[in-house]
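Number 94 in our numbering belongs to position 38 of the sequence shown; there are no gaps in the numbering. All remarks here apply to the structure that follows.
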Amino acid sequence: MPSHSVIFDNSYICGMSKQNAIVMSGIRPTGFLHLGNYFGAMRNYVKLQEEYTCFFMVADLHALTTHPDTKELKSNVHRVLAENIACGIDPDKAALYCQSHIRETSELYLYLNMLAYLGELEKTTTFKDKARLQPDNINAGLLTYPVLQAADIILHRATWVPVGKDQEQHLEMARNFVNRFNHRYGNVFPEPMAYNFGDDLVKVPSLDGTGKMSKSENQLATLYLADSDDMIVKKVMKAKTDSGPTEPNSTKPDYIENIFQLMRLVSSADVVLHFEKAFNECNIRYGDMKKQLAEDMVKFISPIREKAEDIRTNEKYLTAIMEKGAEKARKSASDTMHLVREAMGLNY
Ligand code: TYM
């Protein structure tokens, strides 16, 4: 049973008004950001910042679990910040900061590690995937990756976490850690939930129909926000198709559904409807469809690329933004850690 006073009641949080919601999310600086990062995460950041208290960060500590070489880290952190701003994050509205600048994260991570069990950490899908990819570097940081992520989120007592589908399990683990903490020490943390405007969490598929778009894998089948117009056209035109359906209203094969899904993200409703109809009537020309998709994709990506390119090398500007974001984040982190130390009885 909790031995310390209840700091607040979780039932209040369940009925919490939207106005009070705190939003938190992060992106690792492990490569170029892509369409999956945009539609899974950043599109939601941009909408949420208008109404809620938002904390968005570059997860440089998480990057160390897979990318221990820090030579490129600074420029990667700058790139992710620049791309966030180019996608519409307003550093005057949301706190935009770098994970390692908030030392309280590491303290909370340590406490949460005592509430995380080896068995559950070993079973995490992302751990198993990464361990397979780097058999010579299965480090403890990789194992406790979801614990650090939970610390990032609950450090601000956030309830909404805009992320893509691949992060669902990490959020479920964060809720488990929260419940264990609250049960043992008293209610300090609300339960965080994965968040998306719309019904389901998003998974943006790769162009070759195998898996999802990714920063480091499947690069020719991933559309990056930094891709040149020519590169975008080349990648889209190479997407796998076939000779088209022979029966009206057939089910789409996965690789065709993927092309439609990408089109739904960037093309107008009329355009999508036109190709849906052509598919259902068995007169679709995939060459035309890909040309249209490439054109709409270029229109979508090129302004982001150009804006990010302008900002990326402006170190003074980016440093000022990171510092301003860190100040806001430190204030919130220090308030939470005060409650945590009190609740845990570490107040002597
Ligand atoms: P990361 O850097 O892999 O991805 C950043 C965000 O992009 C989303 N995403 C996708 N969404 C849809 N389709 C895709 N193909 C796709 N690929 C990536 C991810 O779901 C994520 O929202 N562990 C996190 C970083 C993190 C974090 C946090 C997130 C660290 N601390 C605290 C939220 C809260 C990660 O690796 O994201």
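Each residue gets a CB set at the ideal place from its N, CA and C atoms; glycine is no exception. All values derive from a computational prediction rather than experimental measurement.
- At a threshold of 7 Å, arginine 159 does not count as near ligand 1, since its beta carbon sits no closer than that to any of the ligand's heavy atoms.
- With contacts defined by Cβ atoms closer than 8 Å, leucine 189 and threonine 121 do not form a contacting pair.
- The beta carbon of asparagine 169 is closer than 8 Å to those of Thr200, Val203 in its chain, skipping five residues each way along the sequence.
- With fewer than three CB-CB distances shorter than 8 Å, the region 152–168 does not count as touching the region 297–310.
- In this structure, Arg341 is the residue among Arg341, Lys363, Val260 with its C-alpha nearest to the C-alpha of threonine 302.
- Judged by DSSP in its simplified three-state form, phenylalanine 356 adopts helix.
- The Cβ neighbour count for cysteine 143, taken over all protein chains shown within 10 Å, is at least 16; the residue is labelled buried.
- Annotated three-state conformation of valine 114 is strand, per DSSP.
- Here cysteine 338 is exposed: its Cβ has fewer than 16 other Cβ atoms, across all protein chains shown, within 10 Å.
- Contact between the region 139–155 and the region 106–126 is established, with three or more Cβ pairs separated by less than 8 Å.
- When the beta-carbon positions are compared, glycine 220 and glycine 92 come within less than 8 Å of each other.
- Secondary structure in the region 162–204: the alpha helix (DSSP H) runs of 4 residues or longer, each lying completely within the stretch, are 174–179, 181–189, 196–199 in chain order.
- As DSSP reads the structure, serine 81 sits in a beta bridge with Phe112.
- Taken through DSSP and simplified to helix, strand or coil, lysine 271 comes out as coil.
- Apart from sequence neighbours up to five positions away, the residues of its chain that approach asparagine 305 with a beta-carbon distance below 7 Å are Asn336, ordered along the chain.
- Minimum Cα-Cα distance from cysteine 110 among the listed residues His90, Ser390, Lys384, Lys294 corresponds to Lys384.
- The beta carbon of arginine 135 sits closer than 6 Å to those of Arg368, all from its chain and outside the five residues before and after it, given in chain order.
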